[in-house]
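Enquirer:
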Amino acid sequence: MSDPRRADARPWFREDPDGLLCTHVEGDLSEDAASALAAACQRINESGRDVLMLCDARRMGTVPAPTRKAMADGFRPVRFIAIAVFGASFTVRVITTLATKSIQILNRKAYPVEFFETEA
Numbered sequence: 195m196s197d198p199r200r201a202d203a204r205p206w207f208r209e210d211p212d213g214l215l216c217t218h219v220e221g222d223l224s225e226d227a228a229s230a231l232a233a234a235c236q237r238i239n240e241s242g243r244d245v246l247m248l249c250d251a252r253r254m255g256t257v258p259a260p261t262r263k264a265m266a267d268g269f270r271p272v273r274f275i276a277i278a279v280f281g282a283s284f285t286v287r288v289i290t291t292l293a294t295k296s297i298q299i300l301n302r303k304a305y306p307v308e309f310f311e312t313e314a
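Sequential numbering of the sequence shown, starting at 195, is according to our numbering.
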């Protein structure tokens, strides 16, 4: 069976008016994609809303170290309500947990991050 993930990430973002940010990433997450995601979150914050993020990680690949750094830097000023991730592999769950915990420590603000097997 071939790997359904692509060699480079193809992020898709949908910003809803109420502050919900839906994302779908296929392949390895690049620094550019992480920066675009952080910028979308910052735009929501700048409009006076906190971010509620729903992430489809079913086809997400790896998150290289430079991308994790870009995420930590880009998400530092973001105010989240919560993050829900579905379909993530064990590796993506671990990396996401570590990254969000480090951001929460730096911001001194906790928010829930939950993982689900499916979108339902």
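Where a beta carbon is used, it is the ideal one built from N, C-alpha and C, also for glycine.
(1) Between residue 201 and the rest of its own chain, which residues show a CB-CB distance below 8 Å, the 5 nearest in sequence each way excluded?
(2) DSSP state of residue 288, grouped into three classes?
(3) Rounded to the nearest angstrom, what separates residue 298 and residue 209 at their Cα positions?
(4) Which two residues bound the contiguous beta strand (DSSP E) that contains residue 208?
(5) With H, G and I counted as helix, E and B as strand and the rest as coil, what does DSSP make of residue 304?
(6) Could you name the residues of the same chain whose beta carbon sits closer than 8 Å to that of residue 311, not counting the 5 residues immediately before and after it, in chain order?
Expert: On the basis of the data shown:
(1) Taking the sequence shown and counting its residues from 1, one reaches residue 201 at position 7. Unreliable positioning characterises residue 201 in this predicted model, as indicated by a pLDDT of 47, which lies under 50. The coordinate reading is nonetheless provided below. These residues qualify, in order along the chain: 221 and 222.
(2) Walking along the sequence shown from the start, residue 288 turns up at place 94. When DSSP states are grouped into helix, strand and coil, residue 288 belongs to the helix group.
(3) The residue you call residue 298 lines up with position 104 of the sequence shown. The residue you call residue 209 lines up with position 15 of the sequence shown. In a straight line, the C-alpha of residue 298 is about 23 Å away from that of residue 209.
(4) Along the sequence shown, read from residue 1 onward, the residue named residue 208 stands at position 14. Looking at the DSSP string, the run of the beta strand (DSSP E) that includes residue 208 is 206–209.
(5) Working through the sequence shown from its first residue, we reach residue 304 at position 110. Reduced to three states, the DSSP call for residue 304 is coil.
(6) Taking the sequence shown and counting its residues from 1, the one referred to as residue 311 is at position 117. If we look at residue 311 and ignore the five residues flanking it on each side, its Cβ neighbours are 280 and 281.
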